[in-house]
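Colleague: Residue numbers (the working numbering): 220 to 578.
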(Lines of atoms letter the chains of each structure in order from A and count residues from 1; the text may use other names and numbers.)
(Lines give C-alpha, C1' and ligand atoms only; values in the text may rest on other atoms or scores of the structure.)
Protein backbone atom coordinates (compact mmCIF):
# COMPACT_ATOMS: atom_id res chain seq x y z
CA UNK A 1 0.00 0.00 0.00
CA UNK A 2 1.33 3.44 -0.86
CA UNK A 3 2.06 5.78 1.96
CA UNK A 4 0.03 8.95 2.03
CA UNK A 5 2.00 12.16 1.93
CA UNK A 6 0.47 15.36 3.28
CA UNK A 7 2.02 18.76 2.75
CA UNK A 8 0.77 21.55 5.01
CA UNK A 9 1.25 24.91 3.25
CA UNK A 10 -0.18 26.82 6.18
CA UNK A 11 -1.57 26.14 9.61
CA UNK A 12 -5.13 24.95 9.82
CA UNK A 13 -7.53 27.14 11.74
CA UNK A 14 -9.73 24.83 13.81
CA UNK A 15 -13.15 25.64 15.18
CA UNK A 16 -13.18 26.97 18.72
CA UNK A 17 -14.56 24.71 21.33
CA UNK A 18 -17.79 25.94 22.79
CA UNK A 19 -20.83 24.96 24.73
CA UNK A 20 -24.35 26.16 25.17
CA UNK A 21 -25.09 24.27 28.38
CA UNK A 22 -26.68 26.57 30.94
CA UNK A 23 -24.31 26.91 33.86
CA UNK A 24 -25.59 25.83 37.20
CA UNK A 25 -23.69 28.72 38.66
CA UNK A 26 -23.44 31.39 35.95
CA UNK A 27 -25.94 33.85 34.54
CA UNK A 28 -25.42 33.78 30.75
CA UNK A 29 -26.57 36.51 28.37
CA UNK A 30 -29.04 35.55 25.65
CA UNK A 31 -26.77 34.31 22.89
CA UNK A 32 -23.14 35.04 23.65
CA UNK A 33 -23.04 32.32 26.29
CA UNK A 34 -23.44 29.78 23.52
CA UNK A 35 -20.05 30.71 22.10
CA UNK A 36 -18.31 30.63 25.48
CA UNK A 37 -19.79 29.08 28.63
CA UNK A 38 -18.42 31.89 30.80
CA UNK A 39 -19.62 34.82 28.69
CA UNK A 40 -22.18 36.96 30.48
CA UNK A 41 -21.79 35.24 33.86
CA UNK A 42 -21.58 36.84 37.32
CA UNK A 43 -19.78 35.44 40.36
CA UNK A 44 -19.01 36.03 44.04
CA UNK A 45 -15.67 35.06 45.57
CA UNK A 46 -15.96 32.33 48.20
CA UNK A 47 -12.32 31.60 48.98
CA UNK A 48 -8.72 31.56 47.89
CA UNK A 49 -7.17 28.10 48.19
CA UNK A 50 -3.40 28.31 48.56
CA UNK A 51 -1.12 25.38 47.78
CA UNK A 52 1.05 26.67 50.63
CA UNK A 53 0.05 24.96 53.88
CA UNK A 54 1.12 28.05 55.79
CA UNK A 55 -1.62 30.04 54.07
CA UNK A 56 -4.25 27.35 53.50
CA UNK A 57 -7.73 28.43 52.51
CA UNK A 58 -8.64 32.09 52.96
CA UNK A 59 -12.41 32.58 53.11
CA UNK A 60 -14.11 35.84 52.22
CA UNK A 61 -17.41 37.63 52.58
CA UNK A 62 -18.88 36.82 49.12
CA UNK A 63 -20.91 40.02 49.02
CA UNK A 64 -17.70 42.10 49.03
CA UNK A 65 -16.01 40.48 46.02
CA UNK A 66 -17.96 40.12 42.79
CA UNK A 67 -16.97 39.59 39.17
CA UNK A 68 -18.89 39.97 35.92
CA UNK A 69 -17.41 38.30 32.81
CA UNK A 70 -19.10 40.35 30.11
CA UNK A 71 -19.90 38.90 26.71
CA UNK A 72 -17.77 41.51 24.93
CA UNK A 73 -14.59 40.22 26.59
CA UNK A 74 -14.46 42.83 29.35
CA UNK A 75 -14.54 42.11 33.07
CA UNK A 76 -15.88 44.29 35.88
CA UNK A 77 -15.13 43.59 39.55
CA UNK A 78 -16.05 44.91 42.95
CA UNK A 79 -13.05 44.16 45.16
CA UNK A 80 -14.10 45.12 48.67
CA UNK A 81 -14.06 48.94 48.60
CA UNK A 82 -12.44 49.17 45.16
CA UNK A 83 -13.60 48.79 41.57
CA UNK A 84 -11.65 47.03 38.83
CA UNK A 85 -12.01 46.80 35.06
CA UNK A 86 -10.14 44.88 32.40
CA UNK A 87 -10.42 42.12 29.84
CA UNK A 88 -10.62 38.32 29.86
CA UNK A 89 -10.27 35.48 27.38
CA UNK A 90 -11.11 31.80 27.63
CA UNK A 91 -10.62 28.81 25.35
CA UNK A 92 -12.92 26.00 26.52
CA UNK A 93 -12.11 22.33 26.14
CA UNK A 94 -14.44 19.99 24.28
CA UNK A 95 -17.13 19.82 26.98
CA UNK A 96 -16.74 23.47 28.02
CA UNK A 97 -16.30 22.58 31.70
CA UNK A 98 -12.61 23.46 31.76
CA UNK A 99 -10.06 25.20 29.61
CA UNK A 100 -7.55 28.01 29.27
CA UNK A 101 -8.37 31.32 30.98
CA UNK A 102 -6.46 34.59 31.24
CA UNK A 103 -7.13 38.12 32.38
CA UNK A 104 -5.71 41.04 30.47
CA UNK A 105 -4.47 44.16 32.28
CA UNK A 106 -6.73 45.02 35.24
CA UNK A 107 -7.13 48.68 36.26
CA UNK A 108 -8.29 49.30 39.84
CA UNK A 109 -9.15 52.18 42.10
CA UNK A 110 -6.86 52.60 45.12
CA UNK A 111 -9.02 53.21 48.16
CA UNK A 112 -7.67 51.85 51.47
CA UNK A 113 -10.08 49.08 52.46
CA UNK A 114 -10.33 48.15 56.15
CA UNK A 115 -8.40 44.97 56.97
CA UNK A 116 -8.64 42.14 56.40
CA UNK A 117 -9.09 42.68 52.68
CA UNK A 118 -8.19 40.66 49.61
CA UNK A 119 -8.58 43.44 47.05
CA UNK A 120 -4.84 43.89 46.51
CA UNK A 121 -4.19 40.13 46.28
CA UNK A 122 -6.92 39.58 43.70
CA UNK A 123 -5.78 42.51 41.57
CA UNK A 124 -2.11 41.49 41.76
CA UNK A 125 -2.62 37.78 41.11
CA UNK A 126 -5.25 38.05 38.37
CA UNK A 127 -2.45 38.26 35.82
CA UNK A 128 -1.27 34.78 36.81
CA UNK A 129 -4.57 32.97 36.20
CA UNK A 130 -4.08 30.39 33.43
CA UNK A 131 -7.04 27.99 33.50
CA UNK A 132 -10.59 27.49 34.70
CA UNK A 133 -12.73 24.61 35.94
CA UNK A 134 -16.50 24.51 36.36
CA UNK A 135 -17.34 22.03 39.12
CA UNK A 136 -20.43 21.66 41.29
CA UNK A 137 -21.74 24.98 40.02
CA UNK A 138 -18.60 26.85 41.05
CA UNK A 139 -15.92 28.53 38.98
CA UNK A 140 -12.33 27.68 39.89
CA UNK A 141 -9.70 30.06 38.48
CA UNK A 142 -6.29 28.42 38.76
CA UNK A 143 -3.02 30.31 39.07
CA UNK A 144 0.05 29.22 37.14
CA UNK A 145 2.65 26.94 38.73
CA UNK A 146 0.19 25.69 41.37
CA UNK A 147 0.05 29.16 42.84
CA UNK A 148 -3.46 28.70 44.19
CA UNK A 149 -7.13 28.73 43.21
CA UNK A 150 -9.77 31.45 43.40
CA UNK A 151 -13.14 29.77 44.02
CA UNK A 152 -16.23 31.67 42.84
CA UNK A 153 -19.94 30.92 43.30
CA UNK A 154 -22.81 32.30 41.22
CA UNK A 155 -23.95 35.79 42.13
CA UNK A 156 -27.61 35.46 43.20
CA UNK A 157 -28.15 39.21 42.90
CA UNK A 158 -27.95 38.92 39.12
CA UNK A 159 -31.08 37.70 37.28
CA UNK A 160 -30.76 34.39 35.51
CA UNK A 161 -31.38 34.66 31.78
CA UNK A 162 -32.11 31.49 29.89
CA UNK A 163 -30.33 31.52 26.59
CA UNK A 164 -31.46 30.32 23.21
CA UNK A 165 -28.68 28.30 21.56
CA UNK A 166 -27.61 29.73 18.24
CA UNK A 167 -27.46 28.05 14.85
CA UNK A 168 -24.12 27.24 13.19
CA UNK A 169 -24.66 30.13 10.77
CA UNK A 170 -24.49 32.46 13.78
CA UNK A 171 -21.49 30.77 15.37
CA UNK A 172 -23.28 28.01 17.28
CA UNK A 173 -22.34 24.33 17.42
CA UNK A 174 -22.90 22.24 14.30
CA UNK A 175 -23.95 19.17 16.23
CA UNK A 176 -25.63 18.27 19.48
CA UNK A 177 -25.33 15.24 21.74
CA UNK A 178 -28.35 14.06 23.72
CA UNK A 179 -27.43 14.31 27.40
CA UNK A 180 -29.01 14.38 30.84
CA UNK A 181 -31.90 11.98 30.17
CA UNK A 182 -32.31 8.59 31.83
CA UNK A 183 -34.57 7.15 29.15
CA UNK A 184 -35.13 8.72 25.75
CA UNK A 185 -35.52 12.34 24.69
CA UNK A 186 -38.76 13.01 22.83
CA UNK A 187 -38.38 14.47 19.36
CA UNK A 188 -41.56 16.46 18.72
CA UNK A 189 -43.25 17.70 15.58
CA UNK A 190 -43.42 21.28 16.86
CA UNK A 191 -41.64 23.22 19.66
CA UNK A 192 -44.23 22.28 22.26
CA UNK A 193 -44.50 19.75 25.08
CA UNK A 194 -47.94 18.83 23.75
CA UNK A 195 -46.88 18.32 20.13
CA UNK A 196 -46.88 14.88 18.56
CA UNK A 197 -43.83 12.75 19.39
CA UNK A 198 -41.97 11.86 16.19
CA UNK A 199 -39.48 9.47 17.79
CA UNK A 200 -37.32 8.97 20.86
CA UNK A 201 -33.62 9.82 20.99
CA UNK A 202 -31.35 7.72 23.18
CA UNK A 203 -28.65 9.34 25.36
CA UNK A 204 -25.51 9.95 23.33
CA UNK A 205 -27.35 10.36 20.02
CA UNK A 206 -25.60 12.87 17.74
CA UNK A 207 -27.85 15.44 16.05
CA UNK A 208 -27.49 18.20 13.48
CA UNK A 209 -28.19 21.69 14.87
CA UNK A 210 -30.73 23.38 12.57
CA UNK A 211 -31.48 26.33 14.85
CA UNK A 212 -33.28 26.99 18.14
CA UNK A 213 -36.11 29.17 19.45
CA UNK A 214 -38.09 30.06 22.57
CA UNK A 215 -41.55 28.54 22.95
CA UNK A 216 -43.72 27.88 25.99
CA UNK A 217 -41.09 29.25 28.36
CA UNK A 218 -38.21 27.05 27.26
CA UNK A 219 -35.70 26.74 24.44
CA UNK A 220 -36.36 24.20 21.69
CA UNK A 221 -33.92 23.14 19.00
CA UNK A 222 -34.74 22.05 15.47
CA UNK A 223 -32.67 18.89 15.00
CA UNK A 224 -32.12 15.86 12.81
CA UNK A 225 -30.19 12.71 13.61
CA UNK A 226 -26.62 12.86 12.28
CA UNK A 227 -26.55 10.86 9.05
CA UNK A 228 -30.26 11.30 8.36
CA UNK A 229 -33.61 10.53 9.90
CA UNK A 230 -36.77 12.32 11.03
CA UNK A 231 -36.53 16.01 11.77
CA UNK A 232 -38.20 17.65 14.76
CA UNK A 233 -37.81 19.68 17.94
CA UNK A 234 -36.04 18.68 21.17
CA UNK A 235 -35.80 20.54 24.49
CA UNK A 236 -32.47 22.40 24.54
CA UNK A 237 -31.69 21.61 28.19
CA UNK A 238 -31.05 18.00 27.17
CA UNK A 239 -28.61 18.88 24.40
CA UNK A 240 -24.93 19.70 24.67
CA UNK A 241 -22.39 20.44 21.91
CA UNK A 242 -21.08 17.22 20.40
CA UNK A 243 -17.32 16.77 20.59
CA UNK A 244 -15.73 15.83 17.27
CA UNK A 245 -12.88 13.33 16.74
CA UNK A 246 -10.35 16.15 17.01
CA UNK A 247 -11.47 16.78 20.60
CA UNK A 248 -13.36 20.00 19.92
CA UNK A 249 -16.98 20.99 19.49
CA UNK A 250 -17.19 22.37 15.95
CA UNK A 251 -18.93 25.73 15.63
CA UNK A 252 -19.91 28.04 12.80
CA UNK A 253 -20.89 27.09 9.25
CA UNK A 254 -19.11 24.33 7.36
CA UNK A 255 -17.42 26.26 4.53
CA UNK A 256 -15.10 23.45 3.44
CA UNK A 257 -16.95 22.69 0.18
CA UNK A 258 -17.04 26.38 -0.75
CA UNK A 259 -13.31 26.84 -0.16
CA UNK A 260 -12.49 23.61 -1.95
CA UNK A 261 -14.45 24.83 -4.96
CA UNK A 262 -12.38 28.02 -4.87
CA UNK A 263 -9.14 26.04 -4.69
CA UNK A 264 -8.42 27.30 -1.16
CA UNK A 265 -6.90 24.17 0.35
CA UNK A 266 -5.39 23.72 3.80
CA UNK A 267 -3.15 20.88 2.66
CA UNK A 268 -2.15 18.98 -0.47
CA UNK A 269 -0.58 15.58 -1.00
CA UNK A 270 -1.21 12.17 -2.50
CA UNK A 271 -3.37 9.21 -1.52
CA UNK A 272 -3.75 5.63 -2.84
CA UNK A 273 -6.51 5.37 -5.43
CA UNK A 274 -7.85 3.24 -8.27
CA UNK A 275 -10.36 4.24 -10.94
CA UNK A 276 -11.63 0.93 -12.35
CA UNK A 277 -12.41 -2.44 -10.85
CA UNK A 278 -9.41 -4.75 -10.46
CA UNK A 279 -6.91 -1.96 -11.09
CA UNK A 280 -3.91 -1.83 -8.70
CA UNK A 281 -3.80 1.17 -6.39
CA UNK A 282 -1.78 4.12 -7.61
CA UNK A 283 -1.11 7.62 -6.29
CA UNK A 284 -3.62 10.42 -6.81
CA UNK A 285 -2.94 14.04 -5.93
CA UNK A 286 -5.46 15.72 -3.63
CA UNK A 287 -6.25 18.97 -1.86
CA UNK A 288 -8.23 19.22 1.36
CA UNK A 289 -10.21 22.16 2.74
CA UNK A 290 -11.01 21.77 6.44
CA UNK A 291 -13.62 23.51 8.55
CA UNK A 292 -12.62 22.02 11.91
CA UNK A 293 -14.28 19.30 13.94
CA UNK A 294 -13.75 16.65 11.27
CA UNK A 295 -15.63 18.65 8.62
CA UNK A 296 -13.66 18.61 5.37
CA UNK A 297 -13.88 18.37 1.60
CA UNK A 298 -11.18 16.33 -0.15
CA UNK A 299 -10.79 16.96 -3.90
CA UNK A 300 -8.90 14.17 -5.69
CA UNK A 301 -7.33 14.71 -9.11
CA UNK A 302 -8.25 11.63 -11.13
CA UNK A 303 -5.35 10.22 -13.23
CA UNK A 304 -7.22 10.42 -16.54
CA UNK A 305 -8.73 13.86 -16.00
CA UNK A 306 -11.42 15.37 -13.85
CA UNK A 307 -11.76 15.44 -10.09
CA UNK A 308 -13.70 13.65 -7.39
CA UNK A 309 -14.88 15.53 -4.28
CA UNK A 310 -15.32 13.51 -1.09
CA UNK A 311 -17.20 15.00 1.86
CA UNK A 312 -16.60 14.43 5.59
CA UNK A 313 -18.63 15.47 8.64
CA UNK A 314 -17.40 14.90 12.21
CA UNK A 315 -14.66 12.72 10.75
CA UNK A 316 -17.15 10.49 8.92
CA UNK A 317 -17.10 10.08 5.12
CA UNK A 318 -20.64 11.01 4.08
CA UNK A 319 -20.72 11.34 0.29
CA UNK A 320 -19.18 12.32 -3.03
CA UNK A 321 -20.02 14.61 -5.95
CA UNK A 322 -21.45 11.92 -8.22
CA UNK A 323 -23.40 12.90 -11.32
CA UNK A 324 -25.33 11.36 -14.20
CA UNK A 325 -22.26 11.71 -16.41
CA UNK A 326 -20.29 9.22 -14.32
CA UNK A 327 -23.22 6.91 -13.71
CA UNK A 328 -24.19 8.04 -10.20
CA UNK A 329 -21.75 5.54 -8.72
CA UNK A 330 -22.85 4.15 -5.36
CA UNK A 331 -21.00 5.69 -2.43
CA UNK A 332 -19.69 3.31 0.23
CA UNK A 333 -17.27 3.87 3.08
CA UNK A 334 -15.74 1.66 5.75
CA UNK A 335 -13.04 2.30 8.33
CA UNK A 336 -9.88 0.28 8.96
CA UNK A 337 -8.12 1.81 11.95
CA UNK A 338 -7.44 5.42 11.02
CA UNK A 339 -7.95 4.75 7.29
CA UNK A 340 -11.14 5.57 5.38
CA UNK A 341 -11.74 3.00 2.62
CA UNK A 342 -14.05 4.74 0.17
CA UNK A 343 -15.73 3.44 -2.99
CA UNK A 344 -17.62 5.51 -5.53
CA UNK A 345 -18.87 2.96 -8.02
CA UNK A 346 -15.67 1.18 -9.12
CA UNK A 347 -13.43 3.99 -7.88
CA UNK A 348 -11.45 3.35 -4.69
CA UNK A 349 -9.78 5.84 -2.36
CA UNK A 350 -7.83 5.40 0.89
CA UNK A 351 -7.83 8.51 3.06
CA UNK A 352 -6.18 8.65 6.52
CA UNK A 353 -7.73 10.56 9.41
CA UNK A 354 -4.77 12.94 9.28
CA UNK A 355 -5.95 14.26 5.93
CA UNK A 356 -9.41 15.01 7.32
CA UNK A 357 -8.51 16.16 10.84
CA UNK A 358 -5.12 17.74 10.20
CA UNK A 359 -2.29 17.52 12.67
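We put the CB at the ideal spot given by N, CA and C, even for glycine.
1. Which class does residue 325 belong to by DSSP, given the choice of helix, strand or coil?
2. Given a cut-off of 8 Å, decide if residue 342 and residue 262 are closer than it, judged by their beta-carbon atoms.
3. Taking 8 Å as the threshold, find out whether the segment 305-320 comes into contact with the segment 330-339 through three or more Cβ pairs.
4. So is residue 354 buried or exposed if we call it buried at 16+ other beta carbons inside 10 Å?
5. List the whole-angstrom C-beta distance separating residue 579 from residue 292, where the pair is believed to meet the contact cut-off of C-beta under 8 Å.
6. Hey, would you say residue 506 sits closer than 8 Å to residue 479, going by beta carbons?
7. Pairs of beta-carbons, one from the segment 389-401 and one from the segment 463-482, closer than 8 Å: are there three or more?
8. Is it true that the CB of residue 527 sits closer than 8 Å to the CB of residue 539?
9. So, at 6 Å on beta carbons, what are the nonlocal neighbours of residue 438 in its own chain, with the 5 sequence-adjacent residues on each side left out?
10. Buried or exposed: which applies to residue 328, given that a residue is buried once 16 or more other Cβ atoms fall within 10 Å of its Cβ?
11. Using three-state DSSP, classify residue 457 as helix, strand or coil.
12. Curious, which full-length alpha helix (DSSP H) runs of at least 4 residues does the segment 358-427 contain?
13. Smallest Cα separation from residue 517: which of 435, 408, 569, 311?
14. I want to know whether the segment 417-434 touches the segment 402-409 - three or more CB-CB distances under 8 Å.
15. Which class does residue 577 belong to by DSSP, given the choice of helix, strand or coil?
16. Could you please give me the residues that DSSP links to residue 555 through a beta bridge?
17. Is residue 521 closer than 8 Å to residue 494 when the C-beta atoms are compared?
18. Could you name the residues of the same chain whose beta carbon sits closer than 8 Å to that of residue 449, not counting the 5 residues immediately before and after it, in chain order?
Modeller: From the atom records:
1. coil
2. no
3. no
4. exposed
5. In the structure as shown, the chain begins at 220 and stops at 578. Residue 579 is therefore absent and cannot be evaluated.
6. yes
7. yes
8. yes
9. 383, 431, 455
10. exposed
11. helix
12. none
13. 569
14. yes
15. coil
16. 558
17. yes
18. 406, 417, 418, 443
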